[in-house]
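>
Residue numbers (the working numbering), protein chains in the order written: chain A, 161 to 299; chain B, 6 to 469; chain C, 7 to 122; chain D, 2 to 122.
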């Protein structure tokens, strides 16, 4: 049994907070058997972080079009698993970024690495002119 | 009195090399993670709160210990720099210390104590300063004694540096031999020197020689000899006529038939000699399963049986599939996602459509009862891309914790052996049962297992 | 995000409150004591309830520009969520992290004296 | 695989140097060349000092060689197993099938008169 929620937001950093808060409230709907409260807190926070990173990336690379950019979030809620997909119309990219070399004090380039690290499964596909990045994690 | 447990990565770097899948603080000593011995000691000393301080990643430790409510204490985590002095370490945790007396346990050492003794009064009356020290670490007290009048209480306390495989092996064996007298050890012991976990299945002909410690979900097959001095982790299979003596077998390890593991550490597909430090990584599918002659001979009939089985299912299910899937598709209840999965050949992937019918109405129930969601996969058996029954296909893009060390121990199937066995659905258990059947099942038993999987599958709905 | 600057013992304390993300990170980078390579700063994160990699990047980038990165920005009072973001990228290795702001100030002050 | 013959007290002993890895992918040549060696002598020593890795199929191949040597009324003895290889032999109890020597000289000498070459330990 799964439910699906779709949400389209303007591609503007102001809406990052909306994306985050929606994600945390959706993530808190999931329940896991034999899971402790701190597992659930962690689960919610991991999604909050991953969506913040993905949304920020979408917005950052959205400047190349004339039409106002949008980002569409799709939440697929199962009993113990949540999958969040982000669709945007930006140029294609790769999710296989290497780990940041922290010793050289990098200021950027952590985003996709963090997403891959906190999620169970991250996939990227290109459909027509759209990027779709899907992130899922089981509680 | 509060407790700070301080550990530097450099002190336990050898664990990362020897057992890459285990965080050094979670290294099992007699089937109990290292850090738990320290937590037990902190409790024995009367600490209500423990802070774990490290100069590396603590994520895995945090996931295991959480906030400590399991032990009835508060556990928190903090970072330090490798070169920090004791003063800096205390400064970084000033709020935690809160002007109370603090015990700092530092270094990667096994603390030898005796749970029956009164460490609380002893620690309370000890003067400020080093309590006990060893080559690999120390226990130091900060702040004035809580009870100025010194008590005559005396309890054994010493440290044993865990500086390599040899000392780790010694500490484990020592913990096993002193048994549950001095430490809190996991497992249920019917008699002293023999602790056994949950869901341990043992053939009648298995011989157990004390002392032994056995974890959860362990299968001991006919005529196996376990012990003396065997520490067997969880999700382990010891196959027929094998001997495990004076050895440590880590979680998720399969020990094949007619083998002799004496004075060794077996972890996954790695076998180490704790004394010389030599380690061999087995690249065979049957890890340690000895010499098998019939491997090549068995492969072809098995493929034919699988193809025939798939063909029969394709014919039988053709009508239900066409009707049900068309109806579901019209109603929008047939959603399919294509993903890449690891193929049986190393380095290659296959793309499979995964359908997840919702078990909400009658049609969906029919679909899942008849495994129609797997119907399209059956054709892949004919092209030999999938087995009819084998391992659960693993997604290609993730670093899956159960990802097989070599492709031979993994053959993706339409149905999985784990489904047939209704084995507890958690990853490690399922992986080991799949590996076991890959090695042991032949063409005939595969048919039986397919039937079992077909019948069992629809009942389990919780698997992710 | 709200940025409050105070000082104690000759050390500037920059206290942050709110969310440290792509929207607010430039504000932190622009804060004069943070941007000045010669000023040692204690960054009080007690009231930061969310931080992502943009926020982390701003802190790491500011540290890089300090004469002595490890002592130029000293961190205090981060909650578990923020600590996890640091650990995910191993950035905790770059910083001295305190659970108490006054202890962080004491540490920064002794380090400054040691250097002059 | 280097193969040399040595004459010890009238017995011709064949010495083969195994090198590198012996596993499923490269144990065939050994099985193929074995009859050629046996034509020269059934008394063989495998010098394993340069053998780095062996798995169950490699071990199977060596056991096969032993069987052939015994069928020809000879024996196959091993020398200088390194730690890793020795561990696999111990694990599979193959140590019980072979006479194993710490160096090549001893292994060859064990075939000398006095020591009965037909009987393994």
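Ideal Cβ positions, reconstructed from N, Cα and C, are used throughout, including at glycine.
Could you pull out every unbroken alpha helix (DSSP H) segment of at least 4 residues lying fully inside the region 246 to 294 of chain A, listed in chain order?
Taking only runs of at least 4 residues, the alpha helix (DSSP H) segments lying wholly in the region 246 to 294 of chain A are 271 to 278.
> Between the region 173 to 207 of chain A and chain B, which residues of the former have a C-beta closer than 7 Å to a C-beta of the latter?
Per Cβ criterion, the list reads 196 and 198.
> Can you check which of these residues, B:245, B:100 and B:196, is closest to residue 84 (chain C) by C-alpha distance?
When each option's Cα is compared against that of residue 84 (chain C), the closest is B:100.
> Can you name the start and end residues of the beta strand (DSSP E) that residue 470 (chain B) belongs to?
Here chain B has residues from 6 to 469 only, and residue 470 (chain B) is not among them.
> CB-CB under 7 Å to residue 35 (chain B), same chain, minus the five flanking residues each way: which ones, in chain order?
Closer than 7 Å at Cβ, skipping near neighbours: 177, 180, 181, 190, 218 and 236.
> Can you have a look at residue 202 (chain A) and say buried or exposed, based on whether 16 or more other CB atoms are within 10 angstroms of its CB?
Counting Cβ neighbours within 10 Å, residue 202 (chain A) comes out buried, since at least 16 surround it.
> Taking C-alpha atoms, which residue in B:380, B:312 and B:284 lies nearest to residue 326 (chain B)?
Of the listed residues, the one whose Cα sits closest to residue 326 (chain B) is B:380.
> Would you give the residue range spanned by the beta strand (DSSP E) that residue 271 (chain B) belongs to?
Looking at the DSSP string, the run of the beta strand (DSSP E) that includes residue 271 (chain B) is 270 to 272.
> Just curious, the beta strand (DSSP E) that residue 102 (chain C) is in, first and last residue?
Unbroken run through residue 102 (chain C): none, as it is neither H nor E.
> Are the Cβ atoms of residue 275 (chain B) and residue 286 (chain B) separated by less than 7 Å?
Cβ distance < 7 Å, so residue 275 (chain B) and residue 286 (chain B) count as in contact.
> Looking at the structure shown, is residue 484 (chain B) part of a helix, part of a strand, or coil, going by DSSP?
Here chain B covers residues 6 to 469 and nothing more, so residue 484 (chain B) does not appear.
> Is residue 203 (chain A) helix, strand or coil by DSSP?
Of the three classes helix, strand and coil, the one that applies to residue 203 (chain A) here is helix, per DSSP.
> If you run the structure through DSSP and keep just helix, strand and coil, what is residue 11 (chain C)?
Correct three-state label for residue 11 (chain C): strand.
> Along the chain, where does the beta strand (DSSP E) containing residue 8 (chain B) start, and where does it finish?
Run containing residue 8 (chain B): 7 to 12, per the beta strand (DSSP E) assignment.
> How would you label residue 48 (chain D), buried or exposed, when you count the other beta carbons within 10 angstroms and need 16 or more for buried?
The residue is buried, with at least 16 neighbouring Cβ atoms inside 10 Å.
> Does the contact criterion of 3 or more C-beta pairs under 8 Å hold for the region 8 to 25 of chain D versus the region 26 to 45 of chain C?
The answer is no - the region 26 to 45 of chain C does not touch the region 8 to 25 of chain D, with fewer than three Cβ pairs under 8 Å.
> Evaluate residue 99 (chain D) with the Cβ neighbour count: other Cβ atoms within 10 Å of its Cβ, from every protein chain shown; 16 or more gives buried, anything less gives exposed.
Buried is the call here.
> Compute the beta-carbon to beta-carbon distance between residue 245 (chain A) and residue 72 (chain B), rounded to the nearest angstrom, for a pair I have assumed lies under 8 Å.
The Cβ separation is near 32 Å, so there is no contact.
> Mind checking whether the beta-carbon of residue 31 (chain D) lies closer than 6 Å to any heavy atom of the ligand GTP?
No copy of the ligand GTP appears in this structure; indeed no ligand is present at all.
> Do you know offhand how far residue 266 (chain B)'s Cα is from residue 183 (chain B)'s?
So the two alpha carbons sit approximately 22 Å from each other.
> Near residue 175 (chain A), what residues of its chain come up, given a Cβ to Cβ distance below 6 Å and the 5 sequence neighbours on each side ignored?
169, listed in sequence order.
> Taking beta-carbon pairs under 7 Å, can you tell me which members of the region 70 to 102 of chain B lie near chain A?
Of all residues in the region 70 to 102 of chain B, 71 and 72 have a Cβ within less than 7 Å of some Cβ in chain A.
> Going along the chain, which residues of its own chain have a beta-carbon closer than 7 Å to the beta-carbon of residue 109 (chain D), five neighbours each way excluded?
Once the five neighbours on either side are set aside, the close Cβ partners of residue 109 (chain D) are 7, 9, 14, 16 and 46.
> DSSP on residue 130 (chain B), reduced to helix/strand/coil?
If DSSP states are grouped into helix, strand and coil, residue 130 (chain B) belongs with the helices.
> Alpha carbon to alpha carbon, what distance is there between residue 84 (chain B) and residue 103 (chain C)?
So the alpha carbons of these two residues sit roughly 7 Å apart.
> Of all the options B:358, B:400, B:262 and B:324, which has the alpha carbon lying nearest to the alpha carbon of residue 57 (chain D)?
With distances taken between Cα atoms, residue 57 (chain D) lies closest to B:262.
> How would you write the range of the alpha helix (DSSP H) that residue 88 (chain D) sits in, first residue to last?
Run containing residue 88 (chain D): 84 to 92, per the alpha helix (DSSP H) assignment.
> Pick helix, strand or coil for residue 193 (chain B), following the three-state DSSP scheme.
It is a strand residue.
> Taking Cβ positions only, does residue 280 (chain B) come closer than 7 Å to chain D?
No, residue 280 (chain B) lies away from the interface with chain D (no Cβ there is under 7 Å from its Cβ).
> Look up residue 71 (chain D) in the DSSP assignment and say whether it is helix, strand or coil.
Here residue 71 (chain D) sits in helix by DSSP.
> Applying a beta-carbon distance threshold of less than 8 Å, which residues of chain C neighbour residue 63 (chain B)?
The answer, in chain order, is 93.
> Mind pulling the chain A residues with CB within less than 7 Å of residue 73 (chain C)?
Here the premise fails: no neighbours, minimum Cβ distance about 13 Å.
> Out of B:207, B:211, B:281 and B:452, which one is the CA nearest neighbour of residue 316 (chain B)?
Here the closest residue by C-alpha is B:452.
> Just mark residue 40 (chain D) as buried or exposed, buried being the case when its beta carbon has 16 or more other beta carbons within 10 Å.
Exposed, since its Cβ has fewer than 16 Cβ neighbours within 10 Å.
> For the beta strand (DSSP E) that contains residue 31 (chain B), what are its first and last residues?
Premise fails: residue 31 (chain B) is in no beta strand (DSSP E) and is neither H nor E.
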